[in-house]
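*Asks:*
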Amino acid sequence: MMADRRWRWFHRLGSPPHVYSLAGRLAPWLGWIALILLLAGVVWGLVFAPPDYEQGDGFRIIYVHVPSAWLSLFVYTAMAVACAVGLIWRMKVAFAAAIAMAPLGAMFTFLSLATGSIWGQPMWGTWWAWDPRLTSQLILLFLYLGFIALNRAFPEQQTGDRASALLGVVGVVNVPIIHFSVDWWHSLHQPATIAQFGPPAIDTAMLIPLLITAVGFKLYFLWLLCLQLRSELLYRERRASWVKAEAGKIST
Amino acid sequence: MSEFFYMDGFAVWVWSAFGVTAVAMIFTAVGVLRRHRGQLRQIAQRHGETSPNEPRD
């Protein structure tokens, strides 16, 4: 009885109509709060944060580079967990969530590489180097793209889900490699300044707008994840009775 | 004001980094919203016009 109640939320997350309507209710809140935080964080970071003593105003790239890099790892970890849940409990919603996340994660990975490249040019004098951090991050992009390609490669969605989920779970070893690459190997990339033991090695006046932008990025991701998941569930469950019932509520 | 856009000489890099981020995030959001709307329209067309009492096909 106890166990039943404790796991009810988990079972409800396995129900497509429940997740569909939950995502629909959450999406507008996430979207609007994300927009407010992103605007606030970017304006604060560009206008009010003090310039860096070494990099001057060039350091301001941090406000787009670091949140996208964090999200690229966060989304991959979440996707790997969804893949594992799908494989272990045969949960259809988990597979739908994984493929809903993949393009978003790929976009954040691309952004971290692009903005990092733009930052590297004036600071390191090069757009790209085959450096451990940069190379492992590029592999992350290929993992996302491989996941999407494998998921769509089979006529049976179920086969694609299971094959890509295996890749997703195995690929998660790359996440700690990326995070610790700057400590394990000699790297051009600077070591972690915030996710380290002890207080962050960054001025509070620079840190606050960074945290605001990072939360904004995360809510933006969750907003789009809700919408992606709804599209994915509608498509996958197009023959289910709940989708037919849902169609009656839509006014076009 | 022009000093703000000058970014201490890093204007090209700072603005292109923020620009590419804005473009990618807006582009992605528009794509996701369009897919969602398209999916809703599709199921409405498939099921919506058929009342439960008189199935059309």
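Protein sequence lines correspond, in order, to chains D and F.
Residue numbers for the first sequence follow this note's numbering, so the first one is 1 and each next one is one higher.
Residue numbers for the second sequence follow this note's numbering, so the first one is 1001 and each next one is one higher.
Quick reminder that beta carbons are idealized off the backbone N, C-alpha and C, glycines included.
Please work out which residues of its chain come closer than 7 Å, Cβ to Cβ, to S112 of chain D, disregarding the five sequence neighbours upstream and downstream, and give them in chain order.
*Replies:* H65, S68, A69, S72, Q137
*Asks:* Taking the straight line between their C-alpha atoms, what separation do you get for V1012 of chain F and L1033 of chain F?
*Replies:* 31 Å
*Asks:* For the 8 Å Cβ check, are there 3 or more pairs between the segment 75-89 of chain D and the segment 117-132 of chain D?
*Replies:* The segment 75-89 of chain D is not in contact with the segment 117-132 of chain D.
*Asks:* Is L219 of chain D near I33 of chain D, with beta carbons less than 7 Å apart?
*Replies:* yes
*Asks:* What are the partner residues of D52 of chain D, as DSSP defines its beta bridges?
*Replies:* D:G56
*Asks:* State yes or no: is the beta carbon of F1010 of chain F nearer than 7 Å to at least one beta carbon in chain D?
*Replies:* Answer yes: the Cβ-Cβ gap between F1010 of chain F and chain D drops below 7 Å somewhere.
*Asks:* If we define contact as Cβ-Cβ less than 7 Å, is M1001 of chain F a contact residue for chain D?
*Replies:* no
*Asks:* Would you report the Cα separation of W29 of chain D and L222 of chain D, rounded to the nearest angstrom?
*Replies:* 10 Å
*Asks:* Under 7 Å between C-beta atoms, does V75 of chain D make it to chain F?
*Replies:* no
*Asks:* Relative to the alpha-carbon of L167 of chain D, which residue among D:A195, D:A102, D:M123, D:Q196 has its alpha-carbon at the smallest distance?
*Replies:* D:A102
*Asks:* What do you reckon, are the CB atoms on G14 of chain D and M91 of chain D nearer than 7 Å?
*Replies:* Yes, the Cβ-Cβ distance between G14 of chain D and M91 of chain D is below 7 Å.
*Asks:* Identify the contact partners of V1030 of chain F in chain D, using a Cβ-Cβ distance below 9 Å as the criterion.
*Replies:* Chain D residues near V1030 of chain F: none, gap ~11 Å exceeds 9 Å.
*Asks:* Give the straight-line distance between the Cα atoms of S1051 of chain F and A23 of chain D, rounded to the nearest whole angstrom.
*Replies:* Below a pLDDT of 50, predicted positions are generally treated as unreliable, and S1051 of chain F, at 48, falls in that range; the measurement from the model is reported next regardless. Spanning the two alpha carbons is a distance of roughly 26 Å.
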